[in-house]
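For reference, the structure discussed in these notes is given below.
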Amino acid sequence: MINGGFAIRKNVVGFLFVAGWLIGSQSASAQESGKEIFQKSCAACHSIGGGRLVGPDLKGVNDKRPEDWLLKFTKSSQTLVKSGDKTAVALFEEFNKIPMPDQALSDEQIKKVLAHIKETGGGTAAGKETAALP
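If you want my numbering, it's the 1-based position in the sequence shown plus 31.
Here it is as C-alpha coordinates:
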(Lines of atoms letter the chains of each structure in order from A and count residues from 1; the text may use other names and numbers.)
(Lines give C-alpha, C1' and ligand atoms only; values in the text may rest on other atoms or scores of the structure.)
Protein backbone atom coordinates (compact mmCIF):
# COMPACT_ATOMS: atom_id res chain seq x y z
CA MET A 1 0.00 0.00 0.00
CA ILE A 2 2.93 2.35 0.61
CA ASN A 3 3.96 2.25 -3.05
CA GLY A 4 0.32 2.56 -4.13
CA GLY A 5 -0.12 5.68 -1.97
CA PHE A 6 3.00 7.23 -3.50
CA ALA A 7 1.74 6.49 -7.01
CA ILE A 8 -1.61 8.13 -6.24
CA ARG A 9 0.09 11.26 -4.83
CA LYS A 10 2.42 11.38 -7.83
CA ASN A 11 -0.55 11.14 -10.21
CA VAL A 12 -2.45 13.86 -8.33
CA VAL A 13 0.57 16.19 -8.44
CA GLY A 14 1.00 15.50 -12.15
CA PHE A 15 -2.68 16.16 -12.77
CA LEU A 16 -2.58 19.45 -10.87
CA PHE A 17 0.49 20.58 -12.83
CA VAL A 18 -1.14 19.76 -16.17
CA ALA A 19 -4.45 21.35 -15.11
CA GLY A 20 -2.61 24.54 -14.07
CA TRP A 21 -0.75 24.62 -17.35
CA LEU A 22 -3.96 24.15 -19.35
CA ILE A 23 -5.74 26.88 -17.41
CA GLY A 24 -2.77 29.20 -17.82
CA SER A 25 -2.46 28.59 -21.54
CA GLN A 26 -6.07 29.34 -22.36
CA SER A 27 -6.69 32.65 -24.03
CA ALA A 28 -8.58 35.11 -21.86
CA SER A 29 -11.25 37.32 -23.32
CA ALA A 30 -10.13 40.84 -24.16
CA GLN A 31 -13.12 42.18 -22.22
CA GLU A 32 -12.09 40.58 -18.95
CA SER A 33 -10.62 42.66 -16.18
CA GLY A 34 -7.03 42.29 -15.10
CA LYS A 35 -8.23 40.55 -11.95
CA GLU A 36 -10.26 38.02 -13.95
CA ILE A 37 -7.37 37.32 -16.29
CA PHE A 38 -5.01 36.97 -13.31
CA GLN A 39 -7.36 34.47 -11.65
CA LYS A 40 -7.67 32.38 -14.81
CA SER A 41 -4.11 32.56 -16.12
CA CYS A 42 -1.76 33.36 -13.25
CA ALA A 43 -3.15 32.56 -9.80
CA ALA A 44 -2.43 28.82 -9.99
CA CYS A 45 1.29 29.60 -9.77
CA HIS A 46 1.60 33.20 -8.53
CA SER A 47 0.34 35.35 -5.68
CA ILE A 48 0.28 39.11 -5.25
CA GLY A 49 1.72 39.72 -1.81
CA GLY A 50 1.03 36.20 -0.60
CA GLY A 51 4.53 34.85 -1.02
CA ARG A 52 6.19 32.44 -3.38
CA LEU A 53 4.15 29.62 -4.89
CA VAL A 54 5.27 27.56 -7.89
CA GLY A 55 6.42 30.88 -9.34
CA PRO A 56 7.44 34.15 -7.72
CA ASP A 57 5.20 36.50 -5.76
CA LEU A 58 4.30 39.21 -8.28
CA LYS A 59 3.92 42.06 -5.79
CA GLY A 60 6.09 44.92 -7.05
CA VAL A 61 6.98 43.24 -10.36
CA ASN A 62 6.08 46.46 -12.22
CA ASP A 63 8.87 48.24 -10.34
CA LYS A 64 11.41 45.44 -10.83
CA ARG A 65 11.13 44.84 -14.58
CA PRO A 66 10.39 47.01 -17.63
CA GLU A 67 6.97 46.52 -19.19
CA ASP A 68 8.36 45.37 -22.55
CA TRP A 69 10.38 42.65 -20.78
CA LEU A 70 7.31 41.55 -18.79
CA LEU A 71 5.27 41.30 -22.00
CA LYS A 72 7.91 39.11 -23.66
CA PHE A 73 8.48 36.95 -20.58
CA THR A 74 4.76 36.40 -20.03
CA LYS A 75 4.19 35.35 -23.62
CA SER A 76 7.19 32.98 -23.74
CA SER A 77 9.62 32.81 -20.84
CA GLN A 78 11.61 30.06 -22.54
CA THR A 79 12.23 32.21 -25.62
CA LEU A 80 14.00 34.69 -23.34
CA VAL A 81 15.82 31.92 -21.47
CA LYS A 82 17.06 30.41 -24.74
CA SER A 83 18.16 33.84 -25.96
CA GLY A 84 20.44 34.13 -22.93
CA ASP A 85 18.51 36.90 -21.18
CA LYS A 86 20.26 36.98 -17.80
CA THR A 87 17.15 37.83 -15.78
CA ALA A 88 15.07 35.12 -17.45
CA VAL A 89 17.83 32.54 -16.96
CA ALA A 90 18.21 33.51 -13.29
CA LEU A 91 14.45 33.15 -12.67
CA PHE A 92 14.39 29.80 -14.46
CA GLU A 93 17.23 28.52 -12.30
CA GLU A 94 15.81 30.02 -9.08
CA PHE A 95 12.53 28.21 -9.61
CA ASN A 96 14.09 24.78 -10.08
CA LYS A 97 14.11 24.92 -13.86
CA ILE A 98 10.32 24.74 -13.99
CA PRO A 99 9.40 26.80 -17.06
CA MET A 100 6.51 29.21 -16.96
CA PRO A 101 4.05 28.02 -19.61
CA ASP A 102 3.61 30.32 -22.60
CA GLN A 103 0.56 32.54 -22.21
CA ALA A 104 -1.78 33.14 -25.15
CA LEU A 105 -2.55 36.66 -24.00
CA SER A 106 -2.47 39.89 -25.99
CA ASP A 107 -0.32 42.83 -24.93
CA GLU A 108 -3.53 44.55 -23.80
CA GLN A 109 -4.51 41.61 -21.60
CA ILE A 110 -1.04 41.39 -20.03
CA LYS A 111 -1.10 45.15 -19.39
CA LYS A 112 -4.47 44.71 -17.62
CA VAL A 113 -2.92 42.02 -15.42
CA LEU A 114 0.10 44.24 -14.70
CA ALA A 115 -2.25 47.11 -13.75
CA HIS A 116 -4.15 44.72 -11.45
CA ILE A 117 -0.91 43.58 -9.84
CA LYS A 118 0.13 47.19 -9.31
CA GLU A 119 -3.25 48.11 -7.80
CA THR A 120 -3.42 45.02 -5.60
CA GLY A 121 0.20 45.07 -4.54
CA GLY A 122 0.41 48.78 -3.90
CA GLY A 123 -1.91 49.42 -0.98
CA THR A 124 -1.94 48.49 2.66
CA ALA A 125 -4.99 46.31 2.06
CA ALA A 126 -3.14 44.51 -0.66
CA GLY A 127 -3.16 41.24 0.32
CA LYS A 128 -2.57 37.79 -0.33
CA GLU A 129 -4.45 37.24 -3.50
CA THR A 130 -4.00 33.70 -4.63
CA ALA A 131 -6.13 31.19 -6.44
CA ALA A 132 -9.40 30.51 -4.67
CA LEU A 133 -9.38 27.10 -3.09
CA PRO A 134 -12.47 24.91 -3.54
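Where a beta carbon is used, it is the ideal one built from N, C-alpha and C, also for glycine.
The beta carbons of Asn93 and Lys143 sit no closer together than 8 Å.
Under the DSSP assignment, Asn127 falls outside any alpha helix (DSSP H); it carries neither an H nor an E label.
Using a C-beta cut-off of 8 Å, the stretch 127-142 makes contact with the stretch 99-117, since at least three inter-stretch Cβ pairs fall below that distance. Across the structure, Ala121 and Lys113 are spaced so that their CA atoms are roughly 12 Å apart. Around the beta-carbon of Gln62, fewer than 16 other beta-carbon atoms lie within 10 Å, marking it exposed. Ser64 and Lys95 have their alpha carbons spaced roughly 23 Å apart.
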